[in-house]
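Everything in the sequence shown is counted per the numbering used here, starting at 147 for the first residue and increasing by one. Cβ coordinates follow ideal geometry from the N, Cα and C atoms, glycine included. Only one structure is covered here, and it is reproduced in the block below.
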Amino acid sequence: MMHRSNAVPPLRLSTLCALMLAACAPVDPGSDPVGGETDPGGDVGALGAFEGDPRLQADALFVHLEALSQAAEAHGGHRSVGSDGYDASVDWVEGWVRDLGFDPVREPFEVRDWSAVSASVSQGDLAPSDGVAPLTWSPGGTATGSLVRIDVVDPPPAAANGSTSGCEASDFEGMAAGSIALIQRGTCTFTDKALNAQAAGAVAVLVFNEGQAGRTGVVEGALGPEDGLTIPVLGLSHADGLALTEGTAVTVQVSVRDEGIPSTNVLVDIPG
């Protein structure tokens, strides 16, 4: 199963900034770009000075959107971070802004990118019939331990988010270190549940859906990317979570790709 990060590529912000810059070409402090009276004491860099400027109209801006679209089409159909399409877009923005008379500066930075390569859960010869989903930003790893249900509510509460499973450190009292925690979705964040389980000595966490209508499928969610987790966290369906037998050994395997991708911002200082 592959899962890409939902983070918005920084180019989108850079592109918006560049669109603004392209529309807002350098202005002579003594000129009036909109045909009215000039305020000698005004800020020539204020966006209000460009209200009605034809360079801010859709047709003028669309030219640049087309250029960025062509950069994608020429490089595999996308401009994602780290790709040739992204680099081509940066070249376009930099050259375009330089032609306007500005002095753009490239700022290198790194984007953290995560994706799941493979994942499995097994209890003897049994595996979840609905599949599994590593939560975004889950660490990788393989762990085997006795399954412990953590404050599971079955049947589920009538209202969604009624289960507090795993939300309190006290939920894990009596759980032996080296266990695999089975936690029900609800109330608090996946990150809170996983951190509480890790602090109590769990070697992996399985989060299964709460069980109300619309909340029975495989849990797909995200953890905090900098939350300090070191154990794998996977989502299960409601049925598969309840089908696991407490006190029996479960093996969890998660392989992820978690790396930094070099990228670039185009920065410009505008007077005023």
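Indicate the three-state DSSP secondary structure (helix, strand or coil) for residue i in the structure shown.
i	result
S275	coil
D174	Note on D174: pLDDT 35, under 50, position unreliable in the model; the coordinate value appears next. Three-state DSSP puts D174 in coil, outside helix and strand.
A169	Caution applies to A169, whose pLDDT of 37 falls short of 50 and renders its modelled position unreliable; the model cannot decide the point.
S229	coil
T337	helix
N342	helix
R244	helix
L388	helix
E256	strand
P305	The question names Pro, but residue 305 in the sequence shown is Ala. It is coil, neither helix nor strand.
Q358	coil
L382	strand
S311	coil
T184	With a pLDDT of only 33 at T184, under 50, the local geometry of the prediction cannot be trusted, and no value is derived from it.
Q203	coil
A220	coil
G418	coil
P408	strand
D317	helix
D373	coil
P179	Confidence at P179 is low in this model, with a pLDDT of 31, below 50, so its placement is unreliable and the value that follows should be read with caution. P179: coil per DSSP, three-state reduction.
D237	helix
V190	Low confidence applies to V190: its pLDDT is 43, below 50, so where it sits in the model is not reliable enough to give any reading.
G393	coil
Residue i bridges to which residues according to DSSP?
i	result
R403	S261
V251	L413
A350	I326
R295	L328
A499	Nothing about residue 499 can be read from this structure; the chain reaches only from 147 to 418.
S215	Partner(s): none; S215 has no beta bridge.
V267	V398
G287	V400
If residue i sits next to residue j, beta carbons under 8 Å apart, how far is it from one beta carbon to the other, in whole angstroms?
i	j	result
P274	S383	7 Å
L293	L380	Going by Cβ atoms, the distance from L293 to L380 rounds to 13 Å, so no, they are not a contact pair.
V412	V209	Contact doesn't hold; Cβ gap of about 18 Å is too wide.
G287	L328	The pair is not a contact, with the Cβ atoms about 17 Å apart (cut-off 8 Å).
T337	D373	5 Å
R403	S261	5 Å
E405	R295	Not confirmed; about 35 Å, so no contact.
V349	G324	6 Å
G360	P302	In fact, because the Cβ distance is near 12 Å, the residues do not count as touching under 8 Å.
V299	S311	7 Å
Q407	V263	Residue 407 is actually Ile in this sequence, not Gln. That pair is no contact at about 16 Å.
Is residue i near the ligand GDP, in the sense that its beta carbon is under 7 Å from a heavy atom of that ligand?
i	result
F354	Among the components modelled here there is no ligand, and therefore nothing to report on the ligand GDP.
Next item on the list: Would you check if there are 3 or more beta carbon pairs closer than 8 Å linking the segment 236-243 to the segment 387-400?
Entry: Note that the segment 236-243 does not touch the segment 387-400; fewer than 3 beta-carbon pairs, one per stretch, sit closer than 8 Å.
Notebook entry, point to check: Are at least three pairs of beta-carbons, each pair with one atom in the segment 349-369 and one in the segment 276-283, less than 8 Å apart?
Noted result: With a cut-off of 8 Å on Cβ pairs, the segment 349-369 is in contact with the segment 276-283, counting three or more such pairs.
Check: Okay, do the segment 326-341 and the segment 242-255 touch, 3+ Cβ pairs below 8 Å being the bar?
Finding: The answer is no - the segment 242-255 does not touch the segment 326-341, with fewer than three Cβ pairs under 8 Å.
Check: Quick check: the segment 223-236 against the segment 343-356, are there 3 or more CB pairs under 8 Å?
Finding: Contact annotation: the segment 223-236 does not touch the segment 343-356, with fewer than three C-beta pairs closer than 8 Å.
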